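Residue numbers (full-length UniProt numbering): 1 to 630.
Read through the structure below, which is laid out as structure tokens, and then see the notes.
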């Protein structure tokens, strides 16, 4: 019979993200004029004690002397600590509740605030060993129980001896006092817990470095909420993805690596081999060759609207879900389009350049209001439709053309052909997607059909406009001006030079692909895309995926969720259900959706099942990818 595994867990900076006495200092010293200096002193003393450079008792005495705290402030401390439980412990609350009898908190902290926190995770009061505050008659903390072994040096080891635990003992903590338990021969392993703090001296003594509690459960083959530990999910974010996205994915427990620029195909082929989640913007191309090297890739996040830089078909074939941010920067692009239309109609670009060169050209020639002018929008999607509303509110007459039937907003008028739109409007604004069919949508012939003196705005895709034809139209006067934010070839980073035939042209606004580059848009994208990816990883939800059948799933409760991605072939669902029937597995719920390429089946089953059933599901012909959620 295998030995029971007992887990000895530290509290400060392990069960919680913080040192409790540091937080108590924030409370007790709130009105102290020397608060900042005293808090820093407490932190420094804590670090010295955790690293073992001063004795623990010295550390405790010095900190309490600075704190000057009282019993009434403990309730505020508990409220603050409830919000600071380590993320991976929160994720595994159910595991703690199910295994409470085998979990012990042995801490140099104090029972007064530890027991109320850990008891919410099912941990038994009698399994908590910690220090005790000593209060005076006024309720002020004046000392600690000096007879308690945990107030002394090497007190954790002595406490373990007194408890006399049987079975295999695993210690989880961030401090040197946690390592001392193993060093005393009282534990099988010491896990250096580095989710919140990384102490080099402690890490160097560890049997295993644990970036999260998920990792500890995984390597010990214990039941977890997730089939694969989040600490082993590696994320690669390129092209200066907003820090909010980095923080969200890090808080989820993933290993996140960030690169400031785009990567070449060869660089990405090498880098992506161990990556589970890839985050890019517009300059990184996720090609078939890259995906052939992506054996662990689960999802790609495009932190932008467009996905033409991603081989969506190959992603489908490999069972890789792709998510983008179709709405998050809509307003930013629309505001830029409005601004550029006004600038071009008033010839502001030329005027400001002239002023910087010392030329005073006060003239109304070629300068017009936008009110009453005809705006033609090509592509009436999220951006085109919102531009329609704002432009109409500013007095423009709006016309639009789209290959898909779209309902007009406000007083906008749908025209029947692209040629009709070009011939009718004073301003043409492009808002189409990056599909191959749209290459040179506005070519020399189409530009020739535009009204003489019209204006062209392209905030969509670089390959949509034939650049040499646009240049000639500006120089010949066929067009009065243009604004271009996207180009067929763009620098991979800010250090590479920009080259274009459009440089130096009159009444021409050139911007470096910044239509969606506002702080608001980047923050919205940074929240939206990771949210969708984490939802997919955690629940199998594919809602808003650009290449997977969209399924919005109910919350998983008291069941295992089986995710089966397969080629869209007849009979796969029947084969899945036959396997489940063969193993006498009850289906709690089942969801199926397909597109022209793949099928996506979610099956929720009772928790009891044979592992052989899982292997049988993986062997069904046509299976692309299979994973299990708990």
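Note that the Cβ used here is the ideal one computed from N, Cα and C, for glycine as well.
If you're wondering where the values come from, they're calculated on a predicted model, not measured in any experiment.
Straight across, the Cα-Cα distance linking residue 607 with residue 46 is about 44 Å. Shown here, residue 397 sits in a strand according to DSSP, grouped into three states. Annotated as distal: residue 280 and residue 8, with beta-carbon spacing of 8 Å or more.
Apart from sequence neighbours up to five positions away, the residues of its chain that approach residue 547 with a beta-carbon distance below 6 Å are 312, 315, 316 and 322, ordered along the chain.
A straight-line Cα-Cα distance of about 36 Å links residue 220 and residue 58. A straight line joining the alpha-carbon of residue 340 with that of residue 291 spans about 38 Å. Cβ neighbours of residue 161 within its own chain (closer than 7 Å, five residues either side excluded): 186.
The criterion of a C-beta distance shorter than 8 Å is not satisfied by residue 409 and residue 378.
Between residue 49 and residue 192, the alpha-carbon positions lie close to 16 Å from each other. If you look at residue 287, you'll find it isn't in any alpha helix (DSSP H); DSSP assigns it neither H nor E. According to the DSSP assignment, residue 335 belongs to the alpha helix (DSSP H) that extends over 330-346. Between the alpha carbons of residue 164 and residue 6 lies a gap of roughly 12 Å. For residue 257, the beta-bridge partners assigned by DSSP are 236. In this structure, residue 259 sits away from residue 529, with a CB-CB distance that is not shorter than 8 Å. Nearest Cα to residue 593 within the set 568, 583, 32 and 614: 568. Taking a cut-off of 8 Å for Cβ pairs, the stretch 288-302 and the stretch 264-275 touch, as three or more such pairs fall below it.
For residue 56, the enclosing alpha helix (DSSP H) covers residues 56-67.
Per DSSP, reduced to three states, the secondary structure at residue 146 is coil, with no helix or strand assignment. 105 is the residue among 119, 105, 28 and 39 whose C-alpha sits nearest the C-alpha of residue 130.
Relative to residue 533, the option among 300, 427, 25 and 242 whose CA is nearest is 300. Under the three-state reduction of DSSP output, residue 363 falls in the coil class, being neither helix nor strand. Residue 81 sits close to residue 23, with the two beta carbons spaced by under 8 Å. CA-CA distance, residue 625 to residue 619, rounds to 10 Å. In this structure, DSSP gives residue 456 an extended state, which the three-state scheme calls strand. Secondary structure of residue 419 (DSSP, three-state): helix. DSSP, reduced to helix, strand and coil, places residue 140 within a strand of the structure shown. Between the alpha carbons of residue 622 and residue 581 lies a distance of about 20 Å. Partner residues in the beta bridge of residue 626, as assigned by DSSP, are 564.
In the three-state scheme derived from DSSP, where H, G and I count as helix and E and B as strand, residue 5 is classed as strand. Going by C-alpha positions, residue 601 is about 49 Å away from residue 455. Residues of the same chain with a CB within less than 6 Å of the CB of residue 595, apart from the 5 flanking positions on each side, are 549 in chain order. Nearest to residue 40 by C-alpha distance, out of 352, 66, 360 and 31, is 66. The continuous alpha helix (DSSP H) containing residue 75 extends over residues 74-82. Non-local beta-carbon contacts of residue 60 in its own chain, meaning distances under 8 Å to residues more than five positions away in sequence, involve 49, 108, 131, 144 and 151 in chain order. If you draw a straight line from the Cα of residue 447 to the Cα of residue 233, it comes to about 49 Å. About 5 Å separates the beta carbon of residue 501 from that of residue 471, a gap short enough to meet the 8 Å contact definition.
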